[in-house]
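Have a look at the structure below before the remarks.
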Amino acid sequence: MDLTALRTANPEHWAKAAAIRALTLDAVAAANSGHSGMPMGMADVATVLFEKHLKFDASAPQWPDRDRFILSAGHGSMLIYSLLHLCGDAQVTLDQIKNFRQMGALTAGHPENFLLDAVETTTGPLGQGLANAVGFAMAEEMQRAQYGRKIVDHYTYVMAGDGCLMEGISQEAMGLAGRHSLGKLILFWDNNNITIDGTVELSDRTNQVQRFKASGWQVIEIDGHDPLAIDEAITAAKKSKKPSMIACKTHIALGHAAQDTSKGHGALTDADQMKAAKEAYGWTSGPFEVPADIKSQWEAIGSRGAADRTEWEGRFAEVSQQKQDRFNRAYAMDAPKKLSAVVKALKKQISEDLPKVATRKASEMALAVINPIMPETVGGSADLTGSNLTKTGDMGVFDLDNRKGRFVYWGIREHGMAAAMNGMALHGGIRPYSGTFFCFTDYARPSMRLAALSKIPTVFVMTHDSIGVGEDGPTHQPVEHLAICRATPNTYVFRPADAVETAEAWEIALTTKDTPSVLSLTRQGLPTVRTEHKLNNLTAKGAYVLAEATGKRQAILIATGSEVAIAMEAKAKLEAMGIGTRVVSMPCMELFAAQDEAYRRKVLPAGPVRVGIEAAMRAGGWDRWLMGERGQDKKAAFVGMDSFGASAPAGELYEKFGITADATAAKVKDLLG
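Under the UniProt record's numbering, the final residue of the sequence shown carries the number 673; numbering is consecutive throughout.
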């Protein structure tokens, strides 16, 4: 490719783009690690976007009405770090660039939203950023309808590579965006035809242009190194009522010896080749040096949006105080003051009425009182609305003719659903929750993990949570999924025992600000075990004494969810034998682990034998509570699963797998000798 022609055709643009390329080469070389090729290939697109279109203010990176820029191809993180540094972002100093990928640096190997304010979402697992971007764009549509264009009116831009488009999540995300005509979503495809193993043709022959068109997108094909074509394409995309994909034909590692090869994907550290590439760019500055005139041009780009922000602040000040307060509260992720009161009232009613309902139904009961007072909640289901019970009557359905709708029919797209929910939460102003069967966390798992890593309070409603699913059989009966969720750092896994605990779990899930929640809910009806109304949220303790022993305490039964009722029945049998038995309900192991040691010892004192009861595998934290935190309580047993389930009515399955009150009582008797 003739770089001289590119340089001379538009020298000012070229110099700004070359700064991105030079900083990328320097940072990756210093780290001896990273991915040089993508930032070098997409520098022209990024330069035009930031200079001529992106609405942002480098001094206020979290201004609510900014345009969102998402780097789905997160391995090319030096692109965004270079842009932020050049534009004058206070966090991305030159020292941060020099310490790219080093311990303690904000410039991690892949962009992390919790390290840098200007990084919208944590990316790197390919395709996630694209699906996040769909959630961002949906959130913008919803909030624009709710607050008006004067307050919410911005675009979501996302850069994705060939790898992002190969991942299956891309089709889920594309289909959603096309279905909902998200016209303010603009995707740049880094069409360089290179993957780590070689050219794309090694593994794929998909016509991506036709795929996007078939999914309801506008597609514009351009030379990704022509600044005029890039500008015109973005301008056209912003006018479309459809989401737009701009297919940018680019050269990976432009100007380097590794250009257009798989080697160009990774770290380009050879000193002679770096020198030659910089010479081809006409770049004469030393390592990590940016000429003052180029840096000042970039800083002018970074400060240009300050006027837009100031104008927005003026418009925001003109809306009613009530609307301002609601907007600010939602963006701060503060729950309304009424939340505690409505949850307490619901708990009191349940303790009086003593309903026998599935906890999925109890969840619907809780949402019925929560959603009307929290206009920021957005619910949905992966084609299981009547099973997950996540839709309440006041929500309305998000659709082309009702952007104020707060319920989303996600379709059979667990992965895309979870990632889009993460995008909604990261956009700000929305509390997303949606449901599927607990077994299908397997499909949503990568996005659930990223929610935890990224400190996003997304709520994953997972119903049909055990062998209680019954006749659908082992394909739909989760036995290992609780353990997988509990093994994930920074995740609250709630398995409520009845409608009271379910309401309490919802209160916690909707008040936490940096931890996702998994609600593991039953298909089968459960009796109310919290028969005495308590004002305090006992689920917030993670575990608590539900029923104390009569007489000398010899055994402690620890149970979760549907098995708490079994523990209560076993207690009655053991007490009839003269064996004093305490029942501990443990709806959230993570919250119990977070309590002080004195409380944990009070709930689970040393001495009595312990039996855990859960219709799942023992893995995932049970041994800590059964054997004692110091391993001192050796007399313990577990009543649960050690295999997959089977297809049969739920009651028969509990008998077959020995998860019964009689089996529990027998375990206690054996331990006591």
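Heads up, the beta-carbon is just placed ideally off N, CA and C, and yes, glycines get one too. The structure presented is a predicted model; accordingly, all values stated were derived computationally and were not measured.
In the displayed model, residue 610 falls within a strand according to three-state DSSP.
Looking only at 187, 49, 380, 23, the smallest Cα-Cα distance to residue 93 is reached by 23. Straight across, the Cα-Cα distance linking residue 635 with residue 625 is about 12 Å. In this structure, DSSP gives residue 283 a state outside helix and strand, which the three-state scheme calls coil. Cβ-Cβ separation between residue 51 and residue 301: approximately 5 Å, consistent with a contact (criterion under 8 Å).
Proximity of the stretch 453-464 to the stretch 519-527 meets the contact definition, three or more beta-carbon pairs being nearer than 8 Å.
Residue ranges of uninterrupted beta strand (DSSP E) with 3 or more members, entirely inside the stretch 5-85 and ordered along the chain, are 68-71.
Around the beta carbon of residue 11, fewer than 16 other beta carbons lie within 10 angstroms, which makes this residue exposed.
The shortest CA-to-CA distance from residue 398 to any of 96, 67, 135, 70 is the one to 135.
Your pair residue 419 and residue 143 does not check out as a contact, with CB atoms roughly 19 Å apart and the cut at 8 Å. Closest in alpha carbon position to residue 60, among 529, 88, 493, is 88.
Looking at 240, 232, 78, the one whose alpha-carbon comes closest to that of residue 30 is 78. By the C-beta criterion, the stretch 337-346 is judged not to be in contact with the stretch 291-306, since fewer than 3 inter-stretch pairs fall below 8 Å.
Between residue 72 and residue 130, the CB-CB gap stays under 7 Å. Counting along the chain, residue 249 sits inside the beta strand (DSSP E) bounded by residues 244-249. The stretch 415-431 makes no contact with the stretch 315-324, as fewer than three CB pairs between them are under 8 Å. In this structure, residue 139 lies near residue 427, with their beta-carbon atoms less than 7 Å apart. Cβ contact annotation for residue 123 (same chain, cutoff 8 Å, sequence separation greater than five): 70, 71, 72, 73, 74, 110, 111, 129, 132, in chain order.
Of the residues assessed, residue 394 falls on the exposed side of the cut-off, its CB having fewer than 16 other CB atoms within 10 angstroms. Around the C-beta of residue 597, fewer than 16 other C-beta atoms lie within 10 Å, and the residue is accordingly described as exposed.
Taking 7 Å as the cut-off, the beta carbon of residue 499 is found closer than this to the beta carbon of residue 357. Taking the C-beta atoms as reference points, residue 533 is found nearer than 7 Å to residue 351. For residue 531, same chain residues with a beta-carbon under 8 Å away, outside a window of 5 residues either side, are 351, 354 in chain order.
The criterion of a C-beta distance shorter than 7 Å is not satisfied by residue 3 and residue 405. Residue 100 and residue 193 have their alpha carbons spaced roughly 27 Å apart.
Distance from the CA atom of residue 229 to the CA atom of residue 374, rounded to whole angstroms, is 45 Å.
For residue 492, the enclosing beta strand (DSSP E) covers residues 492-494. A straight-line Cα-Cα distance of about 57 Å links residue 345 and residue 43. The three-state reading of DSSP puts residue 387 in helix, counting H, G and I together. Judged by DSSP secondary structure, residue 190 falls within the beta strand (DSSP E) whose first and last residues are 185-191.
The alpha carbon of residue 588 has as its nearest neighbour, out of 465, 495, 448, the alpha carbon of 495. In the three-state scheme derived from DSSP, where H, G and I count as helix and E and B as strand, residue 138 is classed as helix. When DSSP states are grouped into helix, strand and coil, residue 102 belongs to the coil group. Taking 7 Å as the cut-off, the beta carbon of residue 545 is found no closer than this to the beta carbon of residue 609. Residue 303 sits in a helix when the DSSP states are folded into three classes.
By a beta-carbon distance limit of 8 Å, residue 645 does not contact residue 595. Their separation comes to about 33 Å.
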